[in-house]
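Residue numbers (my numbering): 2 to 504.
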Amino acid sequence: MIALTAVVLAGCAAPKVQSKPKGEGTASGTATAPAELTTLDAFYEQEITWEACDSYECATVQVPLDWDAPEAGAIGLALKRSLATGASEDRLGSLLINPGGPGASGTEFVDYAVSGVMGDPVLDAYDVVGFDPRGVGGSTAVDCGTDAVLDEFFTADVPMASQADVDAARERTRVFGESCLEATGPLLGEVDTVSAARDLDVLRAVLGDEKLNYAGFSYGTFLGATYAGLYPENVGRLLLDGALDPSMSNDDLVIGQAIGFEEALSAYVEDCQAGASCPLRGSVEEGKQQILDLVTRVEAKPIDAGGGEVLNGALAFYGIVVTLYDDASWPSLTMALDEAIRDNTGAILLELAGYYLDRTGDGAYLSNSMEAFTAINCLDYPVVERSYDEMLAFADEVAVSAPTFGREFVMAVGCEAWPFQSQVERAPITAEGAAPILVVGTTGDPATPYEWSVALADQLESGHLLTFEGEGHTAYGRGGPCIGDAVDAYLVEGTLPEEGLVC
Numbered sequence: 002m003i004a005l006t007a008v009v010l011a012g013c014a015a016p017k018v019q020s021k022p023k024g025e026g027t028a029s030g031t032a033t034a035p036a037e038l039t040t041l042d043a044f045y046e047q048e049i050t051w052e053a054c055d056s057y058e059c060a061t062v063q064v065p066l067d068w069d070a071p072e073a074g075a076i077g078l079a080l081k082r083s084l085a086t087g088a089s090e091d092r093l094g095s096l097l098i099n100p101g102g103p104g105a106s107g108t109e110f111v112d113y114a115v116s117g118v119m120g121d122p123v124l125d126a127y128d129v130v131g132f133d134p135r136g137v138g139g140s141t142a143v144d145c146g147t148d149a150v151l152d153e154f155f156t157a158d159v160p161m162a163s164q165a166d167v168d169a170a171r172e173r174t175r176v177f178g179e180s181c182l183e184a185t186g187p188l189l190g191e192v193d194t195v196s197a198a199r200d201l202d203v204l205r206a207v208l209g210d211e212k213l214n215y216a217g218f219s220y221g222t223f224l225g226a227t228y229a230g231l232y233p234e235n236v237g238r239l240l241l242d243g244a245l246d247p248s249m250s251n252d253d254l255v256i257g258q259a260i261g262f263e264e265a266l267s268a269y270v271e272d273c274q275a276g277a278s279c280p281l282r283g284s285v286e287e288g289k290q291q292i293l294d295l296v297t298r299v300e301a302k303p304i305d306a307g308g309g310e311v312l313n314g315a316l317a318f319y320g321i322v323v324t325l326y327d328d329a330s331w332p333s334l335t336m337a338l339d340e341a342i343r344d345n346t347g348a349i350l351l352e353l354a355g356y357y358l359d360r361t362g363d364g365a366y367l368s369n370s371m372e373a374f375t376a377i378n379c380l381d382y383p384v385v386e387r388s389y390d391e392m393l394a395f396a397d398e399v400a401v402s403a404p405t406f407g408r409e410f411v412m413a414v415g416c417e418a419w420p421f422q423s424q425v426e427r428a429p430i431t432a433e434g435a436a437p438i439l440v441v442g443t444t445g446d447p448a449t450p451y452e453w454s455v456a457l458a459d460q461l462e463s464g465h466l467l468t469f470e471g472e473g474h475t476a477y478g479r480g481g482p483c484i485g486d487a488v489d490a491y492l493v494e495g496t497l498p499e500e501g502l503v504c
């Protein structure tokens, strides 16, 4: 049994695009304030200077490092926008977008959003503005050290077969966390979602919008819902696609995702076995067991992945999981499994793992998404510190519903030894008085199970649920014209889809 470092696998709506060396921000341009940035008014009164960046415009906006002490200093948020294409009299202002993670880059998401997600009516009406949240990408970012430090923490197979192993894994987390704190400084304790949601209100104001119009995917739904809870009077049109339930504990989240990925794996195996080239034999359960056997085998003895690289258990797990976010990726998983099972080589699985980790095959990290992912989650989710025996009992409970990878989700050390412990009290968000908010859920979503979207829509006083019946993570841009037309009508005209609509 290996320990996986990730707290959640919430992932992103956008595909992983390995295009930017780590540490090279995407934004240029500046924001100036009429006074020193020591008061909230000064942050809200900034004026943005946009500069050309490729075919878009980029800028940087300053927000407080610590929202409880705005005089303590400022950090920069990177922005990229695609200007509205419609007539000026029909434009509705800015639409801020977040692809999820946490830790995914909104500036990197812009190109994909305008070319493969947003409908023409939305592109005509809105300036689509991607932003890197605090701690992420081209903004003032979390840094945990060299690629070698990251690789040791995120991709090493760590045994979890005794209390001594659990203690050693927690020590690894403590050492890694100290490395992050040394390289990042006080920002490491200020990348929580509430602070990021407050940043959103500054962005709304400096962009010149009276209300926030926003499209959030996966974790981005939690960020958007948090904003609605803090500033219900400033809510414009909020699209929350592939929702997280804000009231969930870390245990609830782990259990839900373990079951979600188990169900997605079952759907994949059934689809694979219906084809002629599937390497998985027997029943669906037997096919899943063959996948688990593969991961267990490469954990015990990593296999060649070409170019002097090897595939271990952690990398194999990431390579499998990343394809379950979208059923369009299932053929890639079939090719990867065929190579690993028949030829005992792992080049394709290693490449797929790279998409999840934003990592090249030789261990170079192209963004800080995994570092930010860990830091943000550790501030957002209080964790239960369990003994090895308690972890094992919990794993056995989860494995009843998620027999293939349930133990991998549970037998893991999370944030118990992180430099900053979460003080968040998980609770529903109602956002009383907010304008209507559209929540979209996919019935076969592995990363944010459909039940979470149902729960968020129920919690929000003005929540409205739209359902996509299908496989994969999120729906807008991949759910066909039924979803696309309904979302476009909401964002552009403010028209909600009919109650109970299933696409």
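Even for Gly, the Cβ is constructed at its ideal location relative to N, Cα and C.
Where does residue i fall in DSSP's three states?
| i | result |
| --- | --- |
| G320 | helix |
| C54 | strand |
| V385 | coil |
| G186 | helix |
| I430 | coil |
| C273 | helix |
| Y228 | helix |
| A70 | coil |
| P122 | helix |
| C483 | helix |
| S89 | helix |
| P160 | strand |
| T568 | Absent from the model: residue 568. The displayed extent of the chain is 2 to 504, so no value can be given. |
| L338 | helix |
| G516 | This structure gives no information on residue 516, because the portion of the chain shown stretches from 2 to 504. |
| D210 | coil |
| D128 | strand |
| G347 | coil |
| D327 | coil |
| D246 | coil |
| L281 | coil |
| V488 | helix |
| Y477 | coil |
Can you tell me which of the options puts its alpha carbon nearest to the alpha carbon of residue i?
| i | options | result |
| --- | --- | --- |
| A436 | R238, A226, G87 and E179 | R238 |
| E211 | D202, S219 and S370 | D202 |
| A216 | G139, V311, V399 and F110 | F110 |
| A496 | T475, H465, E470 and G473 | The sequence shown places Thr at residue 496, not Ala. Of the candidates T475, H465, E470 and G473, the one whose C-alpha sits nearest the C-alpha of T496 is H465. |
| V285 | V488, Y269, L96 and S278 | Y269 |
| E72 | T40, F44, V323 and A162 | T40 |
| N369 | E386, D148 and G120 | D148 |
| P103 | S402, D133, S89 and A428 | D133 |
| V401 | Y45, E264 and D193 | E264 |
| I484 | E499, C504 and C279 | C504 |
| V311 | D152, I49, G136 and W68 | D152 |
| L78 | E271, S463, V441 and V207 | V207 |
What does residue i pair with, by DSSP beta-bridge criteria?
| i | result |
| --- | --- |
| N99 | G217 |
| H465 | L439 |
| V64 | I76 |
| A142 | G136 |
| Y366 | R360 |
| C59 | E52 and K81 |
| E472 | G445 |
| L1 | A query on residue 1 cannot be resolved here, the shown segment of the chain reaching from 2 to 504 and no further. |
| G94 | Y127 |
| V503 | T468 |
Are the C-beta atoms of residue i and some chain B residue less than 8 Å apart?
| i | result |
| --- | --- |
| A226 | The displayed structure is made up of one protein chain only, and chain B is not part of it. |
Would you mind sorting residue i into buried or exposed? The rule is 16 or more other CB atoms within 10 Å of its CB.
| i | result |
| --- | --- |
| P187 | exposed |
| G24 | Its pLDDT being 45, under 50, G24 is placed unreliably in this model, and the value from its coordinates should be taken loosely. Exposed: under 16 other Cβ atoms inside 10 Å. |
| N251 | buried |
| R360 | buried |
| K302 | exposed |
| Q258 | buried |
| Y424 | A small correction: the amino acid at residue 424 is Gln; Tyr does not occupy that position in the sequence shown. So Q424 counts as exposed. |
| G261 | buried |
| G101 | buried |
| A396 | buried |
| E172 | exposed |
| R205 | buried |
| N345 | exposed |
| P450 | buried |
For the structure I just gave you, are there three or more beta carbon pairs, one from the region 373 to 384 and one from the region 405 to 422, closer than 8 Å? With the cut-off at 8 Å, the region 373 to 384 and the region 405 to 422 touch.
| Sufficient close CB pairs (3 or more, under 8 Å) joining the region 191 to 201 to the region 60 to 72 | A contact exists between the region 191 to 201 and the region 60 to 72.
Pair every Cβ in the region 474 to 488 with every Cβ in the region 112 to 125, then say whether three or more of these pairs are closer than 8 Å. Two segments are said to touch when three or more pairs of C-beta atoms, one from each, lie closer than 8 Å; by this definition the region 474 to 488 touches the region 112 to 125.
*asked:* Under 8 Å: do the region 384 to 401 and the region 225 to 244 share three or more Cβ pairs, one atom per stretch?
replied: A contact is defined here as three or more CB-CB pairs under 8 Å, and the region 384 to 401 fails this definition with respect to the region 225 to 244.
Evaluate the contact criterion for the region 319 to 337 versus the region 270 to 280: three or more CB pairs, one atom per stretch, below 8 Å.
Verdict: yes, contact present.
Are the region 87 to 102 and the region 121 to 139 touching by the rule of at least three beta carbon pairs closer than 8 Å? Here the region 87 to 102 lies against the region 121 to 139, with 3 or more beta-carbon pairs under 8 Å apart.
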